[in-house]
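Notes follow the structure.
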Amino acid sequence: HTRTYVKTNTKQHPCNAAEVLTAVECGMDVFDGCYPYTVTGSGCALTFPLQQLLSTDEPVGGQGGKRGKSQEQPLAMQLSEERFADDLDPLVAGCVCYTCQNHSRAYLHHLLDTKEMLAEVLLMIHNLTHYLQFFANLRESLKRGVYEQWKLSLCQSNHNYSVPAQ
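Each residue of the sequence shown is one higher than the last, beginning at 129 in the working numbering.
So, in structure tokens, the structure goes:
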């Protein structure tokens with residue numbers, strides 16, 4: 129199955145959450161980590177919900193998402209958009225990364241707007257944390273034997289799997 133995935137996939141490696149899930153189902157279990165770098169380079173922050181219901185009793189850790197019916201959320205937010213100029217919220221509510229704990233969307237918007245190098249540093253901290261938590265949740269769902277339920281929950285809340293255009 130892995131060979132079929134590699135031959136039919138036009139990219140050399142899976143990137144976003146949907147592609148990673150497809151690759152896992154084809155037997156891949158080792159991934160490179162360029163996706164957070166790519167998202168960061170486009171001025172985006174990963175925002176898809178990480179806390180997904182894995183059983184009827186408990187969610188797997190992470191930030192974002194609420195128990196019960198999920199709302200559709202984008203995969204990433206383009207922070208250079210003017211709507212973030214006055215937004216004092218963290219990138220993702222409940223995120224424990226340094227960026228979300230100490231800086232707002234408005235500040236990151238300002239840094240991107242003025243082309244400050246700190247923008248990419250702060251975005252990379254967040255995006256790596258977010259992506260690594262996604263993989264931690266993926267591993268936990270496989271370990272608990274609830275991968276299909278976790279995947280369904282994740283996919284129902286994320287209909288847009290592409291990074292917003294620059």
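Note that the Cβ used here is the ideal one computed from N, Cα and C, for glycine as well.
> In its own chain, which residues sit with a C-beta less than 7 Å from the C-beta of alanine 213, not counting the 5 before and 5 after it?
Replying inline: Ala234 and His237
>> Considering only DSSP beta bridges, list what alanine 145 is partnered with.
In response: DSSP output for alanine 145 lists no bridge partner at all.
> Whole-angstrom Cβ separation of alanine 151 and leucine 174, contact assumed at under 8 Å?
Replying inline: No, alanine 151 and leucine 174 are not in contact; Cβ-Cβ is about 18 Å, not under 8 Å.
> Near proline 164, which residues of its chain fall below 8 Å by C-beta distance, leaving aside the five closest residues on each side in sequence?
Replying inline: Leu174, Met252, Asn255, Leu256, His258 and Tyr259
> Is alanine 204 helix, strand or coil when you go by DSSP?
Replying inline: strand
> Where does cysteine 172 fall in DSSP's three states?
Replying inline: strand
>> Using a Cβ-Cβ cutoff of less than 6 Å, which residues in the same chain neighbour valine 224 once the five nearest sequence positions on both sides are dropped?
In response: none
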